[in-house]
Every structure is written in structure tokens, then in C-alpha cells.
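Asks: Reading the sequence shown from the start, the letters are residues 264 to 385 in my numbering.
So that we are looking at the same thing, I have put the structure below in C-alpha cells.
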Amino acid sequence: MLTQDDDDDDDDDDDDDDDDDVMMMMMMMMMMMMMMMMMMNLMMMMMMMMMMMMMMMMMMIMMMMMMMMMMMMMMMMMMMRHDDDDDDDDDDDDDDDDDDNVMMMMMMMMMMMMMMMIMKMI
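So this is what it looks like as C-alpha cells:
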């Protein structure tokens with residue numbers, strides 16, 4: 264996104280990449296929020312229209328699925344970010360890997376929790 268204006272100086276390209284990634288992350292978060300809002304609205308509408316447990320279940324499961332998809336996207340973003348930004352310095356690759364792994368673990372945990380919640384619902 265921001266790469267166009269920085270063609271003249273190469274030294275801060277990597278910073279710029281970081282900014283881009285932050286921007287991307289922000290966008291992802293925004294999209295997530297929007298999706299959530301839409302899903303909530305749908306849920307409300309459904310509940311108003313018919314007070315059925317089945318509908319609620321369906322909505323809940325859909326919400327969970329959405330969250331999982333978002334998390335997957337986030338993971339992909341993490342992986343990509345980690346891949347491009349660290350080409351310049353090899354010494355802290357492993358630290359960065361560790362960070363990414365921790366993030367991955369967190370995401371996995373979240374997904375597990377979601378699954379558990381779904382199971383409890385059913």
C-alpha cells in the first residue's frame with residue numbers, strides 16, 4: 264500500500280513493509296468486526312422472526328465458523344509477514360519464528376475453545 268512513495272530510499276523499505284503489515288492487520292480486524300456485526304444483526308432478525316432454538320444454534324455455529332476463518336486469515340498473514348520481513352537479517356529469524364509459533368499456538372487454542380463451545384451448545 265505504502266510502497267509507492269518510498270521508491271527513492273531503500274533503507275527503510277522494511278519498515279515500510281512493517282507498516283503495510285500493520286495496515287493489513289488493521290484491515291483484517293475491521294473486516295472481522297464488520298462481519299461480526301452483520302452476523303449479530305442477522306441473529307437478531309432471526310430471533311425476532313422465529314423464536315426457535317435451531318436458528319440460534321445455526322447462527323452460533325456460523326459465528327464460530329466465521330471466527331475460525333478470520334483466525335486462519337490472521338495466521339496466514341502472520342506467516343507471510345514473517346517470511347518477507349526477515350530476509351535482511353538472519354540472526355533474529357529464530358526469535359521471530361518463536362513469536363510466530365507462539366501466535367500460532369494462541370490461535371490454535373482459540374480455535375479449540377470455539378470448538379468446545381460449539382460442542383457444548385450441541
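Positions of the beta carbon are idealized from the N, C-alpha and C atoms, including for glycine.
This structure is a prediction, so every number in the text was calculated from the model and none was measured.
#1: Looking only at its chain, what residues have a beta carbon closer than 8 Å to the beta carbon of residue 336, apart from the 5 residues adjacent to it on each side?
#2: According to the neighbour-count rule (16 or more other Cβ atoms, all chains shown, within 10 Å of its Cβ), is residue 326 buried or exposed?
#3: What's the call for residue 330, buried or exposed, on a 16-neighbour Cβ count within 10 Å?
#4: Measuring only the C-alpha atoms, how far is residue 323 from residue 297?
#5: Out of curiosity, what's the CA-to-CA distance linking residue 283 and residue 300?
#6: Please state whether the Cβ-Cβ distance between residue 332 and residue 373 is less than 8 Å.
Replies: If we stick to the structure as given:
#1: 291
#2: buried
#3: buried
#4: 16 Å
#5: 25 Å
#6: no
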